[in-house]
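Heads up: the structure comes next, in structure tokens.
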Ligand code: ZN
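Dropping the structure here:
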């Protein structure tokens, strides 16, 4: 009996000393009885091959995350056909390799985001230059236009800027990314007071590139504009983006974080 009590006491000490025991009462699991959220995933089939490759692998990756029907994933290659009314029931829109191009689709997407919509955008979905002619996109991203990129695509050392953010809290302070093409913007989103930069390409990478070489400058890689329920991730080039577990975890964190902030309520707590 005494040894049993001792075991109980030492267990209690162990549990109380553990960070995961903040709420030891009740059952720790919360199983979905119905899909928790609904996502629209958009990719363009008529973009450069490396961006199509990323979209194809992203769809495989995301599809695996739907196993068990925890959420609904609708996929489209024709964003232009969506009106605001079509979009407003989605908890999140994931743009894999392009942004809306037609005036109607841009307007619908803008209305969706201005009314609490969620967005996870990768790589070319945020690309813009002098020919994009969509000032709202820059305002939404919280940065200026594309300035330059390294070439060829390659892995880089990334640094976490905010360690206690839901998107980064379980990531190492520094890690080597999967291979990608990295974009620099001018002005940098870091200069925008509404933006929180979460991950940055480490200056230790400089000079980066074998053909197109970048030797200095600010390379934010993942950020959010706090005026919207959004996150932008620069990853999204080529067929090697899903080989790294740390980066895969980052992508899941990003999706989950955007969905969890739905103004209709956090679907993961229901
Ligand atoms: Zn690219």
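Residue numbers (this note's numbering): 18 to 287.
A virtual CB, placed ideally from N, CA and C, is assigned to each residue, including glycine.
Quiz item: Where DSSP assigns a beta bridge to residue 201, which residues make up the other side?
Solution: 165
Practice problem: In the DSSP assignment, find the beta strand (DSSP E) that holds residue 109 and state where it starts and stops. | Solution: 109–112
Self-check item: 8 Å Cβ shell around residue 228 - same chain, five flanking residues per side excluded
Solution: 168, 169
Quiz prompt | Span separating the alpha-carbon of residue 119 from that of residue 97 | solution = 6 Å
Quiz item: DSSP state of residue 265, grouped into three classes?
Solution: helix
Self-check item: Residues of its chain near residue 163, where Cβ-Cβ distance is below 7 Å and the 5 sequence neighbours each way are ignored
Solution: 144, 145, 146, 200, 202
Quiz item: Any idea what DSSP makes of residue 115, helix, strand or coil?
Solution: coil
Quiz item: Can you tell which of 85, 101, 117, 136 has the C-alpha that lies nearest to the C-alpha of residue 244?
Solution: 136
Quiz item: Where does residue 81 sit, in a helix, a strand or coil, going by DSSP?
Solution: helix
Self-check item: Buried or exposed by the 16-neighbour rule on C-beta atoms within 10 Å, applied to residue 83
Solution: exposed
Practice problem: Kindly list the residues whose CB is nearer than 6 Å to the CB of residue 193, restricted to its own chain and excluding five residues on each side of it in sequence; keep chain order. | Solution: 172, 174
Exercise. Report all residues for which the CB-ligand distance to some heavy atom of the ligand ZN is below 5 Å; order them along the chain.
Key: 198, 254
Quiz item: Taking DSSP as the reference, what is the three-state secondary structure of residue 128?
Solution: helix
Quiz item: How is the beta strand (DSSP E) around residue 242 delimited, first residue to last?
Solution: 237–242
Self-check item: Cα-Cα separation, residue 58 to residue 239
Solution: 19 Å
Practice problem: Report all residues from its chain with a CB closer than 6 Å to the CB of residue 226; omit the five preceding and five following residues, and keep chain order. | Solution: 167, 168
Quiz item: Can residue 88 and residue 55 be called in contact, C-beta distance under 8 Å?
Solution: yes
Quiz item: Taking buried to mean at least 16 other C-beta atoms within 10 Å of its own C-beta, is residue 230 buried or exposed?
Solution: exposed
Quiz item: residue 52: which of 74, 108, 42, 45 sits nearest, CA to CA?
Solution: 108
Exercise. Would you list the one or two residues that DSSP bridges to residue 135?
Key: 246
Practice problem: Taking all protein chains shown into account, decide if residue 242 is buried (16 or more other Cβ within 10 angstroms of its Cβ) or exposed. | Solution: buried
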